[in-house]
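Chains as they are written, first to last, in numbering that gives the first Met the number 0: chain X, 0 to 338; chain Y, 0 to 338; chain P, 0 to 338; chain U, 0 to 338.
Below: the structure, in structure tokens.
4 protein chains.
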Amino acid sequence: MIVITSPHISEERVAEIVHQIEKTGVQAHVSRGVDRTVIGIIGKADPQLAEHIRSMRDVENVIKISKSYKLASRDFHPDDTIIEVKGVKIGGDNLVVMGGPCAVETPEQIDEIARLVKAAGGQVLRGGAFKPRTGPYSFQGIGIEGLKWMKEAGDKYGLLTITEVMTPETVEVCAEYADILQVGTRNMQNFDLLRKLGTIQNPVLLKRGFSATYDEWLNAAEYILAGGNPNVMLCERGIRTFETYTRNTFDLAAIPVVQQLSHLPVIADPSHATGRRELVETMSKASVAAGANGLIIEMHTDPDNSATGDGVQSLFPDQFAKLLKELAQLAPLMGKRFD
Amino acid sequence: MIVITSPHISEERVAEIVHQIEKTGVQAHVSRGVDRTVIGIIGKADPQLAEHIRSMRDVENVIKISKSYKLASRDFHPDDTIIEVKGVKIGGDNLVVMGGPCAVETPEQIDEIARLVKAAGGQVLRGGAFKPRTGPYSFQGIGIEGLKWMKEAGDKYGLLTITEVMTPETVEVCAEYADILQVGTRNMQNFDLLRKLGTIQNPVLLKRGFSATYDEWLNAAEYILAGGNPNVMLCERGIRTFETYTRNTFDLAAIPVVQQLSHLPVIADPSHATGRRELVETMSKASVAAGANGLIIEMHTDPDNSATGDGVQSLFPDQFAKLLKELAQLAPLMGKRFD
Amino acid sequence: MIVITSPHISEERVAEIVHQIEKTGVQAHVSRGVDRTVIGIIGKADPQLAEHIRSMRDVENVIKISKSYKLASRDFHPDDTIIEVKGVKIGGDNLVVMGGPCAVETPEQIDEIARLVKAAGGQVLRGGAFKPRTGPYSFQGIGIEGLKWMKEAGDKYGLLTITEVMTPETVEVCAEYADILQVGTRNMQNFDLLRKLGTIQNPVLLKRGFSATYDEWLNAAEYILAGGNPNVMLCERGIRTFETYTRNTFDLAAIPVVQQLSHLPVIADPSHATGRRELVETMSKASVAAGANGLIIEMHTDPDNSATGDGVQSLFPDQFAKLLKELAQLAPLMGKRFD
Amino acid sequence: MIVITSPHISEERVAEIVHQIEKTGVQAHVSRGVDRTVIGIIGKADPQLAEHIRSMRDVENVIKISKSYKLASRDFHPDDTIIEVKGVKIGGDNLVVMGGPCAVETPEQIDEIARLVKAAGGQVLRGGAFKPRTGPYSFQGIGIEGLKWMKEAGDKYGLLTITEVMTPETVEVCAEYADILQVGTRNMQNFDLLRKLGTIQNPVLLKRGFSATYDEWLNAAEYILAGGNPNVMLCERGIRTFETYTRNTFDLAAIPVVQQLSHLPVIADPSHATGRRELVETMSKASVAAGANGLIIEMHTDPDNSATGDGVQSLFPDQFAKLLKELAQLAPLMGKRFD
């Protein structure tokens with residue numbers, strides 16, 4: 000950690016700051032430059048020290064050199080985390096594809112889509128039973144009934160299932176019916192939810208907040224890991240920028256970046272990242288070329304008669320099947336297995 | 000609502016889209032332009048209709064003309080909402096100042112700060128007992144004990160109190176001890192929390208999500224209002240942009256904009272918006288000149304010995320007192336009472 | 000074009016607005032909704048009409064349905080533009096790789112790098128002689144001498160050359176020595192420069208402004224095309240967002256988007272988009288998977304002893320050669336020729 | 000300057016980096032932390048050194064402590080710059096108001112508006128003769144004729160004049176007819192134009208690029224100052240963010256920030272910052288409360304019949320006059336003279 004002081008700071012004030020630092024058990028090295036005095040901190044600093052020093056008078060900036068997360072960091076866990084669920088491996092050189100509708104609507108709908116996901120070669124069935132919606136008057140999801148229909152469909156076709164969990168209270172019921180729990184972009188910093196997910200063992204797919212930095216995202220993962228659940232995968236789903244043609248800006252460089260910073264698997268979500276059906280196939284391939292460990296893709300059989308919105312980015316079944324065939328060719332070139 | 004179709008759409012497909020629209024009970028008017036066909040929708044459309052149509056094949060865009068929120072809209076409630084709590088009026092031509100530390104630390108600390116807030120002319124004591132923190136290893140707040148200390152200090156000096164509530168489960172205990180509940184920027188779209196706050200009558204200060212549009216912010220307020228709690232105030236606290244010199248970019252134009260769109264009071268938070276003590280006084284005045292109905296400002300007596308972070312933007316007591324004197328001169332020029 | 004008026008607009012005022020619209024030779028259709036009156040414009044509207052109407056009293060918004068650019072649009076030119084320079088084809092199903100240093104430094108440096116680019120299979124040698132720099136005290140480039148050295152190296156090894164042109168006055172000298180002229184991100188809306196480039200026939204690589212929308216980018220291309228130079232290629236090089244870990248956020252979805260909107264070739268610049276050497280190889284592959292018609296990549300033999308900056312994202316020659324081998328395998332899967 | 004190396008860097012490599020640093024005549028101090036080695040640089044480093052080191056192998060980051068601009072910095076010029084033009088003082092405790100149309104249209108129009116600006120108490124007449132436009136088919140301005148009409152109107156009513164200059168070649172003709180030259184947001188990094196403006200003595204109003212950081216903005220000013228023209232004022236005109244309700248996000252904190260970093264006057268442009276007439280008056284007051292040294296405001300007598308666009312943010316003359324009366328009351332409270 001490096002502390003940069005105001006210009007013209009007095010010797011006495013520097014000494015006071017050094018005193019505050021050293022009483023936490025680390026060493027402080029002062030070097031006086033032309034304009035600024037810089038204090039380097041050597042030793043294992045308490046996570047709260049940076050915040051404390053930043054709030055002191057005459058401190059202009061504090062620059063952290065070490066990362067604030069530990070369990071999520073590759074520095075402390077050099078090998079890729081591989082999460083295994085009922086024989087499906089996620090992470091490392093495995094490519095996983097999760098497909099399904101934005102929202103579960105009827106037992107027939109989810110059964111038919113599950114059949115199509117399986118036939119195309121997907122391993123996981125996605126589907127929302129609880130939906131986070133911008134306004135209170137929009138469709139908020141089918142609820143627990145939907146989870147049951149999805150579990151039946153998953154069991155019938157031999158697919159894992161993934162669903163979004165929105166509150167600490169529904170973690171248990173979601174974990175009962177779904178294999179993987181998904182934290183949505185608006186909940187990435189719902190710390191109570193993250194803490195609760197740390198107490199279970201189901202794998203968690205943690206979507207990046209649409210304005211979260213890599214550091215905030217990995218700190219959010221740290222909440223789950225620190226609670227005792229090591230089965231976390233990260234999901235890049237686009238960030239909010241000035242460009243509004245696509246719903247979000249798909250930050251594909253996030254994939255190799257967080258794979259360098261962390262050992263956790265990274266899944267890409269081209270459906271929400273672009274919000275446009277006609278871009279999903281191309282951006283799915285680009286995600287795999289960027290090194291993604293998996294994809295989560297919306298697919299729907301009949302968006303014309305869907306009551307649930309978000310169909311604008313859903314692939315039709317024939318598009319989904321064609322894409323997976325192409326991914327099977329691309330994956331080996333990228334050092335990934337897809338079978 | 001206006002639907003823009005793909006170029007070269009067939010007559011049959013237009014007819015199908017019109018059919019889907021009209022079966023919801025509204026009228027559709029088709030006009031064929033040079034490049035695109037446009038379908039205008041006349042009548043009171045269901046909030047889910049836009050989403051449904053957007054997901055249809057051959058629909059390029061859906062543009063909403065009416066707003067998706069109702070109770071928060073000035074169209075349906077032309078007069079300013081004025082929230083009255085124990086004789087303090089918030090909204091309309093009243094200016095309210097909320098001051099206090101980032102976090103409650105000890106009974107002595109909050110008592111001393113309450114005394115200073117009152118002496119300077121503030122009406123509300125702020126202080127966090129539950130703190131949302133980026134990483135799991137940072138100080139997470141004192142908890143309920145802190146709420147009690149703050150209530151005592153508020154009662155002793157005749158100040159209202161405001162504190163952040165982070166989860167649905169703690170809404171009741173927070174509402175028992177604090178007069179006003181604050182929803183933090185990361186929780187603006189924690190819909191369960193919003194729904195719970197709709198079930199009580201304590202006023203709620205809803206901070207804008209750091210990447211939320213005005214529309215999303217007012218829709219979040221709508222969740223609380225639709226639940227039955229009319230006492231909502233909005234708080235602009237800066238948005239995330241490419242500029243990193245200030246912690247956030249203080250979007251002061253948000254104040255007159257949401258006052259035009261909505262009847263709810265708007266409070267400005269120059270402390271978190273800038274993250275720099277030396278900017279807080281100037282930006283407090285700019286907030287009042289922009290029409291803010293109030294300010295929420297961090298103040299601390301001894302940031303050097305605070306264990307809680309965020310002191311970097313806290314005013315010292317003498318700065319706080321001087322600022323409030325200057326605001327008392329500025330307020331009348333802006334048509335506001337501050338007394 | 001659709002005009003949305005203020006609520007409660009009078010019949011008289013609507014009639015005045017309609018009059019203003021119709022005197023430009025197009026038709027106006029008025030429809031009155033619940034909250035707003037909407038005026039649809041049918042016919043070939045003058046590009047200035049939208050601006051004019053937006054500035055009228057009681058007009059709340061003007062939504063353009065047709066695009067404001069014509070020559071750059073795929074609507075008016077359905078087939079891919081293929082630019083041919085000295086036997087190298089850019090666009091369509093050809094993949095082109097441009098490599099070289101950020102800045103030309105010495106004749107020996109550029110000769111050696113040209114040799115390596117050719118040996119690896121690249122077709123174009125890049126190198127800056129005039130450098131845009133944030134501050135006036137940074138190295139501003141070698142100037143014309145550098146152009147000559149680069150031309151010699153290009154001729155010797157049978158490579159096309161590309162260099163950045165920064166001012167209208169130097170367009171001619173750059174066009175004399177270099178095959179392709181590059182417009183940098185800060186100059187995307189230097190309209191005088193664009194107009195000048197419309198008067199020559201050398202191909203122009205137009206980098207996206209780091210905060211430009213797709214629409215602004217294609218309008219910038221329109222300036223060059225409208226001047227009479229049809230040989231324009233677009234270059235995605237990252238946009239500015241809140242994330243600072245990478246120098247820019249690489250907006251890979253821009254590639255398929257502008258390929259749908261326009262017929263012009265799209266080149267990706269993973270070096271400047273990421274600003275980090277360790278990401279360039281992965282993001283080069285992702286660019287090709289996203290459909291890029293080519294890549295422009297920085298490569299340097301000795302960044303330790305370079306005086307010119309920007310080496311942080313330069314590949315070493317062995318990395319560059321290995322990457323091009325891998326691209327040769329990837330290209331056919333994406334329907335591209337790379338030879 | 001502080002250099003942060005990769006983890007696990009060898010002693011030999013650290014020694015090589017130190018050697019590269021020290022051969023430029025500054026000292027390097029190495030300190031080895033738990034995870035990283037940090038090299039502090041003491042002494043007056045060459046501006047190019049940071050770039051050079053960043054490009055070296057095993058260097059993870061370079062953090063600059065000193066600013067890269069000198070002449071624009073308050074560190075080297077503690078007193079406010081006050082620019083005096085024909086008796087009008089800009090900077091320090093003077094408030095200046097510049098008003099007028101987006102574009103000069105006819106001699107009658109600019110004469111009438113000049114009369115109104117003067118009557119309301121403004122000191123400077125603004126008006127564009129050369130207009131930067133996103134697309135090539137929009138109105139590009141009247142040209143030199145417009146400059147002459149504006150000069151006549153300014154002379155007649157005793158107003159200074161300001162106009163936008165877009166290219167190095169037109170600097171001289173603009174400087175002949177206008178008192179102050181304005182650099183538009185898209186040209187903030189048109190370095191050739193900045194260099195040319197360094198060679199004249201007319202005051203220059205340098206608008207912030209719509210995605211420029213404070214540091215880039217002050218470096219752009221440095222180009223003009225370093226060329227020999229000390230008469231630079233900065234203009235905050237809004238930045239591009241995700242919020243699209245306002246045309247830009249008005250970054251009012253930029254005013255006190257750049258006044259702390261620099262001695263140059265800061266002018267606010269609420270018209271372009273908001274793009275909405277109904278926000279201009281409020282945000283003008285907020286700008287003055289934030290400490291602005293002046294305002295540049297669009298005003299038009301007849302936007303209905305203007306052919307030039309941008310009228311959507313123009314005040315009507317009565318609004319402009321009322322605003323200036325209110326500013327005359329507000330200015331003294333902010334320590335400013337407005338007369």
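Every residue gets a Cβ at the ideal spot worked out from N, C-alpha and C, and that includes glycine.
Closer than 8 Å, CB to CB, is residue i near chain X or not?
i             : result
residue 239/Y : yes
residue 277/P : yes
residue 30/U  : yes
residue 117/P : no
residue 298/P : no
residue 140/U : no
residue 120/U : no
Could you check whether the Cβ of residue i sits closer than 8 Å to any Cβ belonging to chain P?
i             : result
residue 188/U : yes
residue 35/Y  : yes
residue 302/U : yes
residue 328/X : yes
In the DSSP output, which residue or residues are listed as bridge partners for residue i?
i             : result
residue 90/X  : 93/X
residue 26/Y  : 41/Y
residue 181/X : 163/X and 204/X
residue 60/Y  : 3/Y
residue 83/X  : 88/X
residue 125/U : 161/U
residue 293/Y : 95/Y and 266/Y
With a threshold of 8 Å between beta carbons, is residue i in contact with chain Y?
i             : result
residue 218/X : yes
residue 222/X : yes
Measure from the C-beta of residue i to each C-beta in chain U and report whether the shortest distance is under 8 Å.
i             : result
residue 229/P : no
residue 24/X  : no
DSSP three-state label for residue i, please.
i             : result
residue 223/U : helix
residue 368/U : Because chain U here runs from 0 to 338, residue 368/U falls outside it and cannot be looked at.
residue 72/X  : strand
residue 234/X : strand
residue 340/P : The question about residue 340/P has no answer here: the residues shown for chain P are numbered 0 through 338.
residue 261/Y : strand
residue 35/Y  : coil
When you measure from the CB of residue i to every non-hydrogen atom of the ligand GDP, does any distance come out below 7 Å?
i             : result
residue 289/Y : For the ligand GDP, the structure offers nothing, since it holds no ligand at all.
Short-range partners of chain X found in the region 154-185 of chain U, where Cβ spacing is below 7 Å: none
Contacting positions in the region 60-79 of chain X - beta carbon closer than 7 Å to chain P: none
Touch test, the region 149-167 of chain U against the region 85-104 of chain U, Cβ-Cβ under 8 Å, three pairs minimum: yes
Members of the region 238-257 of chain P that neighbour chain X once the beta carbon cut-off is set at 7 Å: 238, 240, 241, 242, 244, 245, 248, 249, 250, 251, 252, 255 and 256
Three CB pairs or more closer than 8 Å across the region 177-191 of chain X and the region 152-159 of chain Y: no
The region 198-217 of chain U / the region 192-205 of chain P touching (three or more Cβ pairs under 8 Å): no
At least 3 beta-carbon pairs within less than 8 Å: the region 252-271 of chain X vs the region 292-299 of chain X: yes
The region 323-334 of chain Y / the region 79-89 of chain X touching (three or more Cβ pairs under 8 Å): no
Chain-ordered residues of the region 124-135 of chain X with a beta carbon less than 8 Å from chain Y: 131, 132, 133, 134 and 135
Under 9 Å (Cβ pairs) to chain X, residues found in the region 310-322 of chain Y: 310, 311, 312, 313 and 315
Cβ contact check for the region 250-258 of chain P and the region 241-250 of chain X: 3 or more pairs under 8 Å: yes
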